[in-house]
Every structure is written in C-alpha cells, then in structure tokens.
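A short worksheet on the structure shown next.
In the numbering used here, the protein residues as written are 2 to 419.
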C-alpha cells in the first residue's frame, strides 16, 4: 500500500466558485471539547490506513478514454476531487488532459465549485482558470442544468466527480442534469468512475416522487451502494431524464476494485467532509440538517458530532464559529450540547439512534423538525414515525420492501463485484 501525495494546487482563479450538505473563509479556532483528531492538510484527507495501491480510478484508466477524445472538442465536469496518480505523481485531471493535448473547451463546476471551497447552497459566479484560460461554468444555483449555449461546440462531456453514496449528496443530481442537457444536445457523456467509500451499504427509506428536489431526484434509498458510473447507467436505463430521453453514455471503469474494499479519498469531496469518519457518518447525520440540531459545521469535526443549545446541558460541548466549512454556521457562537462520534467504530448501515435520541431529549419537540427534513428523508413517514415514538427496529422494518425492490433494479446496473 502507498500513500497519496497532496494534490498540487496548480489552478489560480479570478473567482472563487459555488456550495451542498458544504465551506467558508475565515480560519478561527472553534471552541470545542473533544478528542484529538486526525490532522488535515489543505484539503487532503489523512487516514489511519493508506489507500489501496492496486485500485485505479476511471481517470487513471486513461488508455480506455484518451482514444475516444482524439479530434473531439471536450468539456469536463469536475472539481478538486478530479485528481489522479500517474507514475506515482499526483495530477489534476484537467492538467493531465491539457498535457495530453486534448482539445479541452470548458470546465463545468458543481456545488462547492471547481476548488470545492464554497458553502453548501452558496451561489458562485462563472469564472476563468488563469492557468489554462479555460472558462469555468457554475452548475449550481439557478444554473444546475447546462444551457444549450454553454454546451455549444462540445462533442464529448467528461464527468469526473467523487461521490460518497448518499442520495442527498448533490453530485449525482448534477450528473442527472448534465446527462439530460447532453442528451438534448446530442453530446456524448463519458463518466470516469470512482469508488464509492460507502459502496457496500444500501439502506434507508426510498424517496417518494412527491418529495423530489435537488437533494433527492430519484426513487432510491438514502444510501444507494453504487459508484457514480453505475448510477449513471441507472439514470439512463430507468429513463429518469426528462421525457424518458437517454444520452449516449460511456463508463470508464475503475480497475481492481470491488465495493467491499476500503477506499480512502485522497482529497476532501466537499468542505464539510474532512476525513473518512465524516464520510462514513454523513448519510446518518445529514438528517439533522432538517432539524434544529447542528452537525458540527463551524468546528473541526463536521459530521462527526451533533448537538444544540436545546439538548441536555451535560456531556460533550462545542461552540460553532465561522471557519473554512461555514461562513455563518448554525448556532454561531452559542454553546451546543450533544455527542462526539469522531472515534466510534465504522458504521455499516444508516443509523437512526442519534436522531431518535436527540428528538426524545429536546424539550420543545414542536421546534425539532423543519420542512427540509422531508426532502432529506424523501418521505413524510420518517418524521411521523419518530414523532409517534416508533423504535428504530420498527422504522427499519418499514423500509424492507422498498429496499428489496431497489436492490433488484440496482442489480442490472452494477459494474463491480459485491
């Protein structure tokens, strides 16, 4: 096994771009009583175990896609996660393509922007990469779907983003809109696949159509257990694009990978997922984003802790302040009481116990849930079940049929061994 080197920062920008369940500017030290945590260095994730050397991402499987780009005008959807290792050296996919004389015309940046530094939901303007002169088109805010004029002259669209396997992580929503726009404009889509760090988990309630939003666009469970390449195949095969249209789709697979392998991301996928623990806990703790409970934005343990001023005043304490992951975090400057999960064992399912416990111990339960919770859950039933005092076992039982049906559909699109 080998260590990933820090991705070189080869891009300078005239503008800092866009933000999802995501970043900020000042770097104050939040007040937090906690265990010592893993060091992070300029967006590089450090892990207790190093990445498995034999796994090659789709981007690194370049002999499979470079011939397809010959004499073509190419666009690319990517961000800071579009890193690859060539001959032991880290390089960004854009730098690699330019070095290979690919006729790259534009960069399309999803939520959090090309550098991945924008807050969740933050509007980011289009810009230009001063290193290559390539235009950068923001695919967030009011421009989630590329407009025909933004695709003019593009023959092939590459898609290279690191997903984390959760329905509400919006990179798969950007994938949907890119595929749809490319289908409408007769542009081939090539997805450079990447491992899913939560790839062995299929769990949670299946989204109901009436609760469709940008944080949940398809009838899938909260954890889908697919790579982004497999997911693209499902979008196309299930005809989820507008009017059932399908795009010309090619998947460049990872090599030497199956979904049971541990995979440690070399770069933060977004500002508030700083390490492996956060990525593993994110699908479970993101439900708190639809409540009055903080998930640690404005601390150095985002998605590894939770708490609020309205939980029992004992145990773990933290105080959010503006930092790299949040310009104005929930409960900015206020003391929060809750639980530190930063050192717990890896979870292998969607955990509800923390959500249920926080609800039980919040005095004014009428203020616990906010409307956004239904969008995250994909159903009104989960809130109703928790309010009715249902146990986690009873709630999980209600998911069984939906999960079984999804798994049958999912089988048709899997590329890698279970």
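Ideal Cβ positions, reconstructed from N, Cα and C, are used throughout, including at glycine. Just so it is clear, the structure is predicted and the values come from calculations on it, not from any experiment.
Across the structure, residue 171 and residue 215 are spaced so that their CA atoms are roughly 7 Å apart.
Taking C-alpha positions only, residue 320 is separated from residue 406 by approximately 43 Å. By the criterion of a C-beta distance shorter than 6 Å, residue 145 is surrounded in its chain by 178, once the five residues flanking it on both sides are discounted. Three or more beta-carbon pairs separated by less than 8 Å link the stretch 368-383 to the stretch 208-224, which places the two stretches in contact. Cβ-Cβ distances below 8 Å link residue 227 to 166, 197, 200, 235, 411, 414, 415 in the same chain, with the five nearest sequence neighbours on each side left out; the list follows chain order. The beta-carbon separation of residue 264 and residue 176, rounded to 19 Å, does not stay under the 8 Å limit for a contact. A residue is called buried when at least 16 other Cβ atoms come within 10 angstroms of its Cβ; residue 289 meets this threshold and is buried. If you check the CB distance, residue 190 and residue 260 do not come in under 8 Å. Secondary-structure assignment with DSSP links residue 104 through a beta bridge to 74. For residue 367 and residue 111, the gap between their C-alpha atoms comes out near 35 Å. Contact annotation: the stretch 346-353 does not touch the stretch 320-333, with fewer than three C-beta pairs closer than 8 Å.
In this structure residue 373 is exposed. Its beta-carbon is surrounded by fewer than 16 other beta-carbon atoms within 10 angstroms.
Closest option to residue 363, judged by alpha-carbon separation, among 184, 344, 337: 337. Between residue 257 and residue 94, the CB-CB gap reaches or exceeds 8 Å. Secondary structure at residue 406: helix, using DSSP grouped into helix, strand and coil. Per DSSP, residue 90 is one residue of the beta strand (DSSP E) stretching across 90-93. With a contact defined as Cβ atoms closer than 8 Å, residue 276 and residue 348 miss out at about 15 Å. When rounded, the separation of the alpha-carbon atoms in residue 278 and residue 99 is 34 Å.
Taken in chain order, the complete alpha helix (DSSP H) segments of 4 or more residues contained in the stretch 328-391 are 354-361, 373-378, 382-388. In this structure, residue 292 places its C-beta atom within 8 Å of the C-beta atom of residue 371. Residue environment for residue 72: exposed (fewer than 16 other C-beta atoms within 10 angstroms of its C-beta).
For the 8 Å CB-CB criterion, residue 78 and residue 140 form a contact. Burial state of residue 101 is exposed, judged by a 10 Å Cβ sphere holding fewer than 16 other Cβ atoms.
For the stretch 230-268, the continuous beta strand (DSSP E) assignments of 3+ residues that do not extend past its boundaries occur at 250-253, in sequence order. The shortest C-alpha to C-alpha distance from residue 142 to any of 174, 152, 134, 160 is the one to 174.
Check the Cα spacing between residue 61 and each of 92, 213, 297, 357: the tightest is with 92. A Cβ-Cβ contact shorter than 8 Å links residue 408 with residue 203. Counting along the chain, residue 178 sits inside the alpha helix (DSSP H) bounded by residues 172-185. Residue 311 has no beta-bridge partner at all, per DSSP. Residue 149 sits in a helix when the DSSP states are folded into three classes.
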